[in-house]
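Take 1 as the starting number for the sequence shown in the UniProt record's numbering and just add one per residue.
Idealized CB from N, CA, C, for every residue including glycine.
See structure below.
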Amino acid sequence: MGHGDCQSLLFDKYRARLMETADVPYVSAISTLPGSDVIIIDSNEETSNETGSEDPSVLESGRRISEESGSTNSEYAGSPLKFSFLTLSKLQKNDKYRFKPDVLLGLQKQFISNPLSSAEAGIILRKLNFDNWPFEKSLAGIPAFIMVDAHDVLKTVMLGVCKSDKVYTSYRIRYFGTELDSRSWGQVEEVGALFQPCEAAYTAHCTYSIIPEMPSTENDSENRMSAYLHLTIKWPCKFDELLSKPPPQAPVTLIIYPGWLDSRTPYFDWTSELQLILSLGHALRTGVLSFAGADLSADVSDVFKNVKKLLKTQTTLITSEEAYDDGMDFTDRLWVAMTGCRNYGMLVDILGLIFNALRNGYKNTMVRFDNKSQMARFLRDACNNDLMLPRLEGLTPIEIMLGMGLERFQRRCVSEIVSNGYIVISFI
């Protein structure tokens, strides 16, 4: 129960206390409040409304304060033209009910107030809004909250206001529970007393973003999906250790999302090549060719120059398994050169160069023995003087290029698996 034997009153009638924000329930949960102090306004008359259990030591302290003060506030009576501002020192003298936060509950052990009716609280709020600020200049910008008895329709517990030169903010804290009588409060206090000796259990969570998610840019593919790599750690701790570093023995969860076409990840060139292979396969099924994943940085004239340069090479047949390490046969090199194709017509023109060279007697034995693509078969047939070439129309050019891409991508995957020791080559 609060006692209003104060040396100064707000509007000659109401008690005003300067309190730390952390000491006021519910108000302490408002993250947008400026500063660390609030002004609490309630009735100067003793009422029977409190949050928490009665503490005899607090009540005795209140009685002692009441006996020692004994002020009649006569200096504020008389002419209405006489007005005295509440100063910071006066408010601090009125602040006799500060309580340390209860770590287990997250609120105060006890917060005593003398709430006002909603009508009376509304009058005070209007005065704070439209009349001169009744506090000294050093208290300008400090939020003020009026305690309300929650007997109105909205069950208002507090009305607040925060005024600055440019911003005005109002607050209303409401009570949504059912009303409790003194007997119910007693039962709550009895149950709460059972948990007082218990120590709360806390669990800390920590996340490290090794590779954070990043939005796509204008230079990225429309099919790009951001990759990310997170380390999530969870461990039991005490309340004052929530912001500490995780211990070495804490379990760690590794969350990996490889994404798609993200240049920050390993094997990005592989995903671009696979994207082109998928586009060619989609074209065989739908008849629509988009060349997604093509090397758009390559110049068109350079693509034809690379193909013509490739036709001038002629080496021996590759039969050694050592070629899995870094060697590429003719179809591999041709595929790399053709990744710069922009459209279907360009694809037909490049394959036309190869077919004309084969018809004119070009022979290249630099083909793997296990290469099963159509282009590899054409090269072998040319070496055996048994060449029969299809017409470059319809889906045939797409099928020829797709075959070379699949053969190269499969061999790259096998070579990567073998070189990293994931499997013995004899099992392949």
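Inset, instruction - Can you give me the start and stop residues for the beta strand (DSSP E) that Ala-144 sits inside? - result: According to the DSSP assignment, Ala-144 belongs to the beta strand (DSSP E) that extends over 144–147.
Inset, instruction - Could you tell me whether the Cβ atoms of Arg-15 and Asn-44 are closer together than 8 Å? - result: yes
Inset, instruction - Would you mind listing the alpha helix (DSSP H) stretches within the segment 267–306 that are 4+ residues and don't spill past its ends, in chain order? - result: 268–286
Inset, instruction - Have a look at Phe-291 and Thr-207 and give me their C-alpha separation to the nearest angstrom. - result: Near 39 Å, if we compare the C-alpha coordinates of Thr-207 and Phe-291.
Inset, instruction - With DSSP collapsed to three states, give me the class of Asp-55. - result: Confidence at Asp-55 is low in this model, with a pLDDT of 43, below 50, so the placement of that residue should be treated as unreliable; the coordinate-derived value is given next. Note: Asp-55 maps to coil in three-state DSSP.
Inset, instruction - Please name the residue in Phe-369, Asn-132, Gly-122, Thr-396 whose C-alpha comes closest to that of Ser-170. - result: Closest by C-alpha distance to Ser-170, out of Phe-369, Asn-132, Gly-122, Thr-396, is Gly-122.
Legend entry - Local conformation of Val-367 per DSSP, three classes: coil
Legend entry - Straight-line gap, Cys-162 to Met-147 (C-alpha atoms, nearest Å): 15 Å
Legend entry - Residue from Thr-217, Leu-387, Ile-41 whose Cα sits closest to the Cα of residue 439: Because the chain is modelled from 1 through 428, residue 439 falls outside the range shown and cannot be assessed.
Inset, instruction - Taking all protein chains shown into account, decide if Pro-397 is buried (16 or more other Cβ within 10 angstroms of its Cβ) or exposed. - result: buried
Inset, instruction - Have a look at the DSSP bridge pairing and note the partners of Leu-10. - result: Tyr-14
Inset, instruction - In angstroms with no decimal places, state the Cα-to-Cα distance between residue 437 and Leu-261. - result: Summary: the structure shown does not reach residue 437, with the chain confined to residues 1 through 428, and so no result is reported for it.
Legend entry - Pairwise C-alpha distance: Phe-304 and Leu-310: 10 Å
Legend entry - For Arg-264 and Asp-332, believed in contact at Cβ under 8 Å, the rounded distance: Distance from Asp-332 to Arg-264 at the Cβ level is roughly 27 Å; contact not present, criterion being Cβ atoms closer than 8 Å.
Inset, instruction - Give a yes or no on contact between the segment 191–205 and the segment 228–239, applying the rule of three or more CB pairs nearer than 8 Å. - result: yes
Inset, instruction - Ignoring anything shorter than 4 residues or poking outside the segment 155–239, list the alpha helix (DSSP H) runs there in chain order. - result: 182–194
Legend entry - Option in Trp-185, Asp-220, Leu-358, Ser-117 with minimal Cα separation from Leu-154: Ser-117
Inset, instruction - Please state if the CB of Leu-278 and the CB of Leu-395 are separated by a distance shorter than 8 Å. - result: No, the Cβ-Cβ distance between Leu-395 and Leu-278 is not below 8 Å.
Legend entry - Touching by the beta-carbon criterion (3+ pairs, under 8 Å), the segment 220–229 and the segment 246–262: yes
Inset, instruction - Excluding the 5 residues preceding and the 5 following Arg-411 in the sequence, name in chain order all residues of the same chain whose CB lies nearer than 6 Å to its CB. - result: In its own chain, leaving out the 5 sequence neighbours on each side, no residue places its CB closer than 6 Å to the CB of Arg-411.
Legend entry - Leu-159 vs Phe-145 beta-carbon contact at 8 Å: Their beta carbons are under 8 Å apart, which means Leu-159 touches Phe-145 by this criterion.
Inset, instruction - Just mark Cys-341 as buried or exposed, buried being the case when its beta carbon has 16 or more other beta carbons within 10 Å. - result: Cys-341 should be labelled buried.
Legend entry - Identified DSSP bridge partners for Ile-38: The identity of residue 38 in the sequence shown is Val, whereas the question assumes Ile. BP columns for Val-38 point to Met-19.
Legend entry - First through last residue of the alpha helix (DSSP H) which encompasses Tyr-362: Where Tyr-362 is concerned, there is no enclosing alpha helix (DSSP H), given that its DSSP letter is neither H nor E.
Inset, instruction - Output the boundary residues of the beta strand (DSSP E) element that contains Ile-398. - result: Here Ile-398 belongs to no beta strand (DSSP E); instead the alpha helix (DSSP H) covers 396–419.
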